[in-house]
Structures are given as C-alpha cells and as structure tokens.
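Protein chains in written order, with our numbering: chain E, 1 to 330; chain C, 1 to 352.
Quick reminder that beta carbons are idealized off the backbone N, C-alpha and C, glycines included.
Everything on this sheet refers to the single structure shown next.
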Amino acid sequence: MSENKHQKLGLSNQDLIEMYRVMLLARRIDERMWLLNRSGKIPFVVSCQGQEALQVAASFALNRSEDYVAPYYRDVGVVLSFGMTAKELMLQAFAKAEDPNSGGRQMPGHFGQKKNRMLSGSSPVTTQVPHAVGIALAAKMENKSIVSFVTLGEGSSNQGDFHEGLNFAAVQKLPVITMVENNKYAISVPLEKQVACEKISDRAIGYGMPGITVDGNDPLAVYEAVKQAADRARNGEGPSLIEAVSYRLTPHSSDDDDRSYRKREEVEQAKEKDGFHTFAAYLREQNILTDEKLEQMEQEIKEEINEATDYAESAPYASPESIYDFVYGN
Amino acid sequence: MQKVHRMPVQNQFMTSYMETKGGKMMPILSYIQAVTQAMKEEMERDEKVFVLGEDVGVRGGVFRATEGLYEQFGESRVIDTPLAESAIAGVGIGAAMYGMRPVAEMQFADFILPAVNQIISEAAKMRYRSNNDWTCPITIRAPYGGGVHGALYHSQSIEAIFANQPGLKIVMPSSPYDVKGLLKAAIRDEDPVLFLEHKRAYRSIKEEVPDTDYTLPIGKADIKREGSDITIITYGLCVQWAIQAAEKLASEGIDVHILDLRTIYPLDQEAIKQAASKTGKVLLITEDNKEGSIIGEVAAIISEHCLFDLDAPVKRLAGPDVPAMPYAPPLEKEFMINQDKIEAAIRDLAEF
C-alpha cells in the first residue's frame with residue numbers, strides 16, 4: 001500500500017470518496033453533453049475534461065457553505081462542489097427556463113447561482129477577477145470570515161483585469177485566492193506563446209503575494225495549496241496565487257477541432273496522467289475505492305444524469321416575451 | 001462664465017420644498033458641493049455605501065468631490081485605490097454583487113475607457129444575464145466636459161459610448177439641486193448608474209439646495225423653463241447656457257421652452273415628444289461631437305412621433321466632429337458650446 005497522504009491533510013477516507021464522486025459526476029456529465037451535442041440535441045459544449053480533479057480538490061479545501069466562487073467556463077467540478085446539480089447543468093445545456101445560471105439566456109459554461117454564492121460570469125475572459133476582489137473587499141468591510149475564490153485559464157492571466165485585480169487584492173490584503181487552471185492551451189495557442197515566464201505563479205512576486213505552482217493532476221497537492229491559501233486569507237494575511245497545471249483533454253469547445261494544432265500522441269500521453277484517473281488509482285491503493293464501490297457509483301451517477309437529461313430535454317424554454325424581463329429592477 | 005445663483009423655479013420638487021419652508025432661505029451650494037453632500041448623506045444613512053477611486057481619500061479627490069469623507073468615514077469606506085480604472089469599476093461591481101452600494105469615481109471621464117468592458121459587459125448585463133438572480137447596484141461617477149483648458153484628454157463627453165447599453169442608466173445633471181437629488185437616487189438605485197458631472201459646472205454653478213433628504217426620479221426629464229416659441233432639449237452644463245440665452249431672448253419676444261433630459265439613457269421619450277410638440281421648433285444641444293451623439297437619438301424620437309407637430313426641421317447644435325477639444329484657448333472656444341452659439345441657433349429657428 002502506498003503512503004497515506006490524505007490523513008495529514010485532515011482528509012478522511014469518506015472525504016476522498018465524496019471528492020471522487022464529484023469528479024466522476026463532472027466527467028460523466030461532460031461526456032454526456034458531448035453525446036448530446038454530436039446527436040444534435042444541444043448546440044454547444046465547453047468541456048471540463050482533464051481539470052475535474054483539481055477543480056474538485058480546490059473546492060473541497062474551501063468552506064463550501066460560506067465562501068464565494070467566481071468560476072470560469074470549464075469549472076463544472078467547482079460548481080458541482082458548490083451545490084449546483086446535474087439537473088441544473090443539463091437545464092443550462094438545453095437552455096431551458098429553469099436553468100438557474102441564466103434561464104437559458106447565456107451559453108453553457110457561463111455559471112452563476114446566487115444561493116450558492118457563485119458569481120455570474122460572462123464571455124470576455126478574466127472580468128471575474130476584479131469581481132472576486134470586490135466580494136473579498138465587501139466581506140472584509142463587514143468583518144466576515146469569507147474567502148473569495150476565482151479561477152481562470154493560463155491564457156487569461158495575460159489580461160489587464162488579472163493584473164489589476166491581483167494588485168488591488170494584494171494592496172488591500174484581501175482574502176482572495178486566484179487559481180490559474182493551466183491546461184497548456186488557450187484554444188489553439190500553446191503556453192509558450194502565451195507567456196515567457198517559467199511559471200504563471202511567478203507573477204505573484206510582482207504583486208507581493210505568495211505564488212505556488214502545483215501539479216493539477218495531483219488533487220491532494222491542489223487541496224493542500226488551496227487549504228493553506230484559505231487559512232492565510234482567513235488569518236488576514238491576504239491573497240494568494242495558485243497555478244494548477246493539468247491538460248485540456250478535449251478540443252476547446254464543441255466548435256473546435258484540436259487535430260489542427262496538436263498531435264494525438266500528446267493528448268494520449270496526457271490522458272495517462274489525468275488526475276481523474278490518478279486519484280482513482282490512489283483511492284484503490286488505499287483500499288478506499290473498490291470495483292464494487294465504483295460500479296455502484298457509476299450506476300447511481302448514470303441514473304442521475306439520465307434523469308437530469310430527460311428532465312431538461314422536456315422542460316419548457318422561457319417564453320419569447322420574457323426576453324424583455326429583467327433589463328432593470330425598477 | 002456668469003454665475004447662475006438660482007435657476008428659475010420651474011421645478012415641482014423645489015416649489016413644494018419652498019412652500020413647506022415658507023420661503024426660508026436655503027443654503028447655496030456649488031455643483032460639486034452638492035455632489036459631496038449627496039455622498040455624505042448617503043454614507044450616513046446606509047453603512048453599505050462606500051467610495052472608491054484614485055485620490056478620493058486623504059486628498060479628497062483631485063476636484064475635491066470627496067472632501068471631508070475620509071475624515072468622517074475612515075479609510076475603509078473612502079478607499080484610495082491603485083491607479084487602474086478597470087479594477088475600480090470591477091472591484092466595485094463585485095462589492096455591489098455582494099450587497100454593498102459602491103460609489104466608484106473615475107478621475108476624469110476620459111479615463112473611463114479601460115473600464116468599458118467592466119461597465120458594459122459586466123455591470124450593465126448582470127441582472128439580465130443571470131435572469132434576475134444577481135444585481136449590480138453600483139454608481140460610477142465621472143467628471144466630463146470641457147471649458148477648463150483640459151485639452152483632448154480632460155475635456156471629453158463620453159456618454160454616447162455608453163448610451164445604447166440596456167441595463168445601464170446614465171444621469172447627467174445640470175444644477176446643484178439636481179445633482180443632490182439625482183446622485184442620492186443613483187446610489188439607492190438597484191441597477192448600475194453612470195453619473196456624469198460637468199467639471200466646468202463644479203464651481204461655476206451655484207444655487208439653493210435643501211439640506212434635507214430628497215431624491216429626484218432617474219429616467220425623467222425636467223422642464224427648466226416654460227416657453228411657447230422654441231423648444232430646447234439638452235442636458236448637463238448646456239442647460240445653463242440655454243437658460244441664459246433664453247432669458248436674453250425673452251426681452252426680444254422669443255419665448256424659449258427648455259427640457260433638461262437629466263437622464264440621457266434610457267431617454268424620457270414622453271417628455272421629449274411633449275416638449276417638441278409644444279412649440280414645433282426644436283433645437284437640440286450637446287457638447288459632444290455631433291455625429292453619433294445622443295441628441296441624434298432625440299431627433300429620431302421626434303421624427304418618429306412628432307412629424308405633424310413640427311414647424312421647422314429639427315436643428316442640432318453640437319461640438320464639431322474633430323477627435324477632441326484642443327488646449328489652446330481659441331481652439332477650445334471654437335469647440336465649446338456657449339450662450340452666443342445658442343442664441344444664434346435660436347434666432348435661426350425663430351426665423352424659419
């Protein structure tokens with residue numbers, strides 16, 4: 001049996017099973033959405049595959065009943081961890097009226113759910129970073145022990161809002177955790193054409209905050225990094241920048257064809273390192289996950305997704321007249 | 001500019017106040033003092049109201065709009081931010097989403113452009129894109145306009161950039177009384193409001209302003225002068241030039257009706273139609289570059305609804321279509337609207 005790495009992080013076997021269940025749910029939902037897209041039932045998918053493990057691990061290191069998240073469009077693992085359901089994600093995919101993110105107004109991947117403290121997001125990337133800083137500022141003004149967690153891709157770390165937001169958070173010593181999910185590609189443009197620095201986390205030095213790069217395929221390492229950052233944030237020690245490195249296993253979206261810019265061998269190699277699988281392997285080594293348990297989880301999740309899909313597919317769209325609603329509150 | 005101590009009392013709110021006070025003298029405030037007083041009163045009323053921007057704290061703002069607020073409310077509610085406009089807007093938006101009432105200051109309207117994405121893609125669309133789940137009650141204040149030797153980048157009128165973004169409201173007050181009532185309304189509004197203050201009006205325009213709590217309705221235009229011959233529809237500082245021109249021309253027998261838009265987005269279409277139809281001759285005035293300015297939209301509303309009430313083509317008086325206002329005094333003067341230009345335009349219309 002391999003070394004028990006999770007106990008010293010304060011994680012029980014049950015915690016790990018819960019984390020794995022969310023990763024599995026995220027992966028299976030994503031796979032189902034591709035099927036639905038390819039069979040012409042939903043117009044668009046933007047995928048989480050390859051990043052579920054780090055997304056779920058990071059979320060579990062936070063207080064999921066009090067902290068705020070400003071997710072980016074691949075964060076199925078984050079939003080599931082913070083309370084969004086498979087049914088709600090399917091309602092979003094089918095653009096139905098009951099979709100809690102936007103009632104079918106926005107494309108899939110544009111998450112937002114106030115009851116779960118999930119900030120509404122847009123398509124211009126990185127605009128959510130200053131919002132997360134604003135949440136932290138407000139929380140600090142109100143003396144609340146809240147951490148504001150924001151994610152983005154590595155390409156987005158070139159945007160001005162990344163710089164402006166992190167600098168603001170650092171100057172004001174705000175409880176913000178910025179996690180860059182480095183999946184090596186911004187659509188077709190590889191990391192080396194995005195940045196010249198060795199690590200995205202090197203940028204933290206310029207803002208005067210701790211920066212750390214972790215293996216995004218190692219959920220326990222991600223958990224540890226986010227947990228430490230959250231502890232610092234709650235202790236009034238200010239923001240942190242975390243870079244979690246993994247790989248985007250799918251094309252950018254259902255409208256992209258990644259064969260034009262990367263080799264199949266590269267993708268296949270990445271699949272072997274996928275945190276979703278390495279985490280399962282660790283759980284097996286630790287005798288936390290058995291074939292029987294996995295089979296049971298797969299079955300439950302399949303039923304959950306089937307139900308969610310059927311419900312969402314038959315749910316009504318918003319009425320055409322509703323296009324005029326909610327421009328202003330008064 | 002000649003100082004206007006109090007505008008003709010055409011304002012129903014002002015009238016009722018004066019009646020209740022039995023003609024008791026009210027304090028005279030400058031336009032910028034009204035800005036400060038509105039923020040101060042709102043911060044006293046609601047602890048969720050706070051101010052953020054460049055130099056707004058210890059310095060009290062480069063124009064002194066936040067003077068005294070830092071001393072009264074402390075650095076946690078009067079926040080000197082890093083010099084980064086997108087963050088000023090974006091952090092404010094996040095705080096507003098949390099439930100605060102941020103009042104973000106852009107030091108000059110000219111410098112708001114790095115924050116356009118935050119204002120248009122985020123603040124303006126927050127309620128709509130989340131299907132009414134999230135809201136963004138932020139007020140963004142910015143001094144606009146020329147006539148202060150500010151040259152290209154301290155003189156611009158930038159409202160047209162934002163004036164076709166449903167979800168956003170744009171308020172451009174013309175007087176201290178309006179500033180106080182409209183800014184308080186903006187801070188209490190459930191949606192994002194861009195509040196544009198004419199920087200030349202800051203110290204040149206003074207009038208009586210009640211020291212009591214009052215708001216004025218956003219989205220409603222205001223008749224600043226009743227008249228029967230020519231209708232002027234304008235906003236901001238141009239209202240003051242128009243009033244001066246109207247008073248001068250009254251002695252020549254030209255009776256000018258003046259509608260102050262107050263809110264330039266979304267427009268008060270009913271008030272525009274009524275004002276245009278009342279006299280049949282309409283002069284639209286803006287300090288912005290003419291082509292694409294919001295008075296073009298006002299003209300479109302009039303042409304759609306008031307054709308048979310018109311006695312002359314709608315006339316526009318605006319800044320020239322050059323990139324921005326130059327520094328040298330004769331060039332700046334050539335760009336600016338003034339009383340003489342308005343008088344000439346009114347005479348043209350009167351003779352049509």
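Cβ-Cβ separation, residue j to residue i (assumed contact under 8 Å), whole Å
{"i": "residue 38 (chain C)", "j": "residue 183 (chain C)", "result": "4 Å"}
{"i": "residue 98 (chain C)", "j": "residue 162 (chain C)", "result": "Not quite, the Cβ-Cβ distance comes to about 24 Å (not below 8 Å), so this is no contact."}
{"i": "residue 189 (chain C)", "j": "residue 220 (chain C)", "result": "Rounded, the Cβ-Cβ distance is 13 Å, inconsistent with contact."}
{"i": "residue 152 (chain E)", "j": "residue 125 (chain E)", "result": "7 Å"}
{"i": "residue 31 (chain C)", "j": "residue 205 (chain C)", "result": "5 Å"}
{"i": "residue 301 (chain C)", "j": "residue 284 (chain C)", "result": "The pair is not a contact, with the Cβ atoms about 10 Å apart (cut-off 8 Å)."}
{"i": "residue 144 (chain C)", "j": "residue 109 (chain C)", "result": "4 Å"}
{"i": "residue 288 (chain E)", "j": "residue 17 (chain E)", "result": "6 Å"}
{"i": "residue 327 (chain E)", "j": "residue 137 (chain C)", "result": "Actually they do not touch by this definition, with Cβ atoms about 15 Å apart."}
{"i": "residue 49 (chain C)", "j": "residue 43 (chain C)", "result": "5 Å"}
{"i": "residue 318 (chain E)", "j": "residue 121 (chain E)", "result": "Not quite, the Cβ-Cβ distance comes to about 20 Å (not below 8 Å), so this is no contact."}
Distance, residue j Cα to residue i Cα
{"i": "residue 250 (chain E)", "j": "residue 216 (chain C)", "result": "54 Å"}
{"i": "residue 166 (chain E)", "j": "residue 142 (chain C)", "result": "24 Å"}
{"i": "residue 160 (chain E)", "j": "residue 128 (chain E)", "result": "12 Å"}
{"i": "residue 331 (chain E)", "j": "residue 103 (chain C)", "result": "Within the shown structure, residues of chain E are numbered from 1 to 330, placing residue 331 (chain E) beyond reach of any answer."}
{"i": "residue 36 (chain E)", "j": "residue 306 (chain E)", "result": "12 Å"}
{"i": "residue 257 (chain E)", "j": "residue 52 (chain E)", "result": "21 Å"}
{"i": "residue 55 (chain E)", "j": "residue 219 (chain E)", "result": "8 Å"}
{"i": "residue 201 (chain E)", "j": "residue 325 (chain C)", "result": "44 Å"}
{"i": "residue 338 (chain C)", "j": "residue 152 (chain C)", "result": "18 Å"}
{"i": "residue 53 (chain C)", "j": "residue 79 (chain C)", "result": "7 Å"}
{"i": "residue 343 (chain C)", "j": "residue 304 (chain C)", "result": "27 Å"}
{"i": "residue 239 (chain C)", "j": "residue 345 (chain C)", "result": "15 Å"}
{"i": "residue 63 (chain C)", "j": "residue 198 (chain C)", "result": "11 Å"}
{"i": "residue 84 (chain E)", "j": "residue 113 (chain E)", "result": "8 Å"}
{"i": "residue 312 (chain E)", "j": "residue 91 (chain C)", "result": "35 Å"}
{"i": "residue 119 (chain C)", "j": "residue 135 (chain E)", "result": "17 Å"}
{"i": "residue 138 (chain E)", "j": "residue 329 (chain E)", "result": "22 Å"}
{"i": "residue 297 (chain E)", "j": "residue 127 (chain C)", "result": "38 Å"}
{"i": "residue 140 (chain C)", "j": "residue 194 (chain C)", "result": "5 Å"}
Min CB distance residue i to chain C below 8 Å
{"i": "residue 124 (chain E)", "result": "yes"}
{"i": "residue 161 (chain E)", "result": "yes"}
{"i": "residue 112 (chain E)", "result": "yes"}
{"i": "residue 143 (chain E)", "result": "no"}
{"i": "residue 328 (chain E)", "result": "yes"}
{"i": "residue 252 (chain E)", "result": "no"}
{"i": "residue 6 (chain E)", "result": "no"}
{"i": "residue 151 (chain E)", "result": "no"}
Paired residues, beta bridge with residue i - DSSP
{"i": "residue 231 (chain C)", "result": "C:257 and C:282"}
{"i": "residue 108 (chain E)", "result": "DSSP lists no partner for residue 108 (chain E)."}
{"i": "residue 113 (chain E)", "result": "E:118"}
{"i": "residue 150 (chain E)", "result": "E:70 and E:178"}
{"i": "residue 198 (chain C)", "result": "C:144"}
{"i": "residue 202 (chain E)", "result": "Paired residue(s): none; residue 202 (chain E) is not in a bridge."}
{"i": "residue 190 (chain E)", "result": "E:185"}
{"i": "residue 319 (chain C)", "result": "C:289"}
{"i": "residue 207 (chain C)", "result": "C:29"}
{"i": "residue 265 (chain C)", "result": "C:170"}
Own chain residues within Cβ distance below 8 Å of residue i, not counting five before or after
{"i": "residue 67 (chain E)", "result": "117, 146, 147, 148, 149 and 230"}
{"i": "residue 40 (chain C)", "result": "68, 69 and 72"}
{"i": "residue 9 (chain E)", "result": "220, 223, 224 and 227"}
{"i": "residue 243 (chain E)", "result": "154, 179, 180, 182, 199, 200, 201, 211, 212, 213 and 214"}
Residues near residue i in its chain [Cβ-Cβ closer than 6 Å; skip 5 each side]
{"i": "residue 277 (chain C)", "result": "306 and 309"}
{"i": "residue 93 (chain E)", "result": "33, 42 and 108"}
{"i": "residue 213 (chain C)", "result": "none"}
{"i": "residue 172 (chain C)", "result": "196, 235, 236 and 264"}
{"i": "residue 289 (chain C)", "result": "319 and 321"}
Same chain, Cβ closer than 7 Å to residue i, five either side skipped, listed in chain order
{"i": "residue 112 (chain C)", "result": "85, 106, 142 and 158"}
{"i": "residue 5 (chain E)", "result": "220"}
{"i": "residue 233 (chain C)", "result": "259, 261, 272, 275, 282, 284 and 298"}
Proximity test, Cβ basis, 8 Å: residue i and chain E
{"i": "residue 162 (chain C)", "result": "no"}
{"i": "residue 40 (chain C)", "result": "no"}
{"i": "residue 132 (chain C)", "result": "yes"}
{"i": "residue 135 (chain C)", "result": "yes"}
{"i": "residue 81 (chain C)", "result": "yes"}
{"i": "residue 214 (chain C)", "result": "no"}
{"i": "residue 121 (chain C)", "result": "yes"}
{"i": "residue 61 (chain C)", "result": "no"}
{"i": "residue 328 (chain C)", "result": "no"}
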